[in-house]
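What follows is a set of notes on a single structure, which appears directly below.
Numbering (full-length UniProt numbering), first residue to last: 1 to 225.
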């Protein structure tokens, strides 16, 4: 998952990033309202961890921006403020959850996973597409009940395409989703072809249909026909 951590306390941001990255997530950070807004203008994320008290602005302003621009990211407010009013305002502006500091990082991760499940799979722990089953908790892929071994990036990429089945996904969008902000440093996005080729081979070898379709000059589409 691609996660943006908007937190002006450097040590806390670092701790969260290190913990979530160690679980296989792709984490980016912003220490101010301005920096967060710049990142949101450039990238899309699966989940945003949002502190309310930022040095040059207010986290609630970012929530308003996300709502106004119809963004789909899940948002968890992480704040030392524990008043009911702040919680109601934040949730009313579109936040999915509110976690009061201090908190355990394992609890934060559990809440992130819960939000992703609700948004990508309507609360289900498994996504089923024809003969393909994806277990979001175990991070496993099965074809007709047979386990298909995939790398973390292959798993994330397959999940991304299935969640967007029928839509054309550009190479740059696919790379950005699983490599995060570091995707800008790539000389080209051609290496995404290798990952998709590996996914296709693993799935078809296990008896799945080939649902990836190349769209010349643009990227790929996971067909739903």
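Each residue gets a CB set at the ideal place from its N, CA and C atoms; glycine is no exception.
Taking C-beta atoms as the reference points, residue 46 and residue 73 count as a pair closer than 8 Å. Here the alpha carbon of residue 151 sits roughly 19 Å from the alpha carbon of residue 210.
A straight-line Cα-Cα distance of about 16 Å links residue 49 and residue 57. Apart from the 5 residues on each side of it in sequence, residue 214 sits with its Cβ closer than 7 Å to the Cβ of 220 in its chain, given in chain order. As DSSP reads the structure, residue 126 sits in a beta bridge with 135.
DSSP links residue 28 through a beta bridge to 4. Take residue 167, set aside five residues on each side of it, and the residues of its chain with a beta-carbon closer than 7 Å to its own are 221, in chain order. A buried status is given to residue 171, since no fewer than 16 other beta-carbon atoms sit within 10 Å of its beta-carbon. With a cutoff of 8 Å on beta-carbon distance, residue 154 and residue 43 are scored as not near each other. Rounded to whole angstroms, the Cβ separation of residue 4 and residue 37 is 11 Å, and the two are not in contact under 8 Å. Secondary structure at residue 166: coil, using DSSP grouped into helix, strand and coil. Taking residue 52 as the centre and dropping the five residues before and after it, the same chain places the C-beta of 58, 59, 60, 77, 79, 81, 86 and 90 closer than 8 Å to its C-beta, in chain order. Excluding residues up to 5 positions away in sequence, 153, 154 and 157 lie with their Cβ nearer than 7 Å to the Cβ of residue 195 in the same chain. Residue 162 sits close to residue 134, with the two beta carbons spaced by under 8 Å. Rounded to the nearest whole angstrom, the C-alpha separation of residue 174 and residue 160 is 8 Å.
For residue 97, the enclosing beta strand (DSSP E) stretches over residues 97-100. Around the beta carbon of residue 223, fewer than 16 other beta carbons lie within 10 angstroms, which makes this residue exposed.
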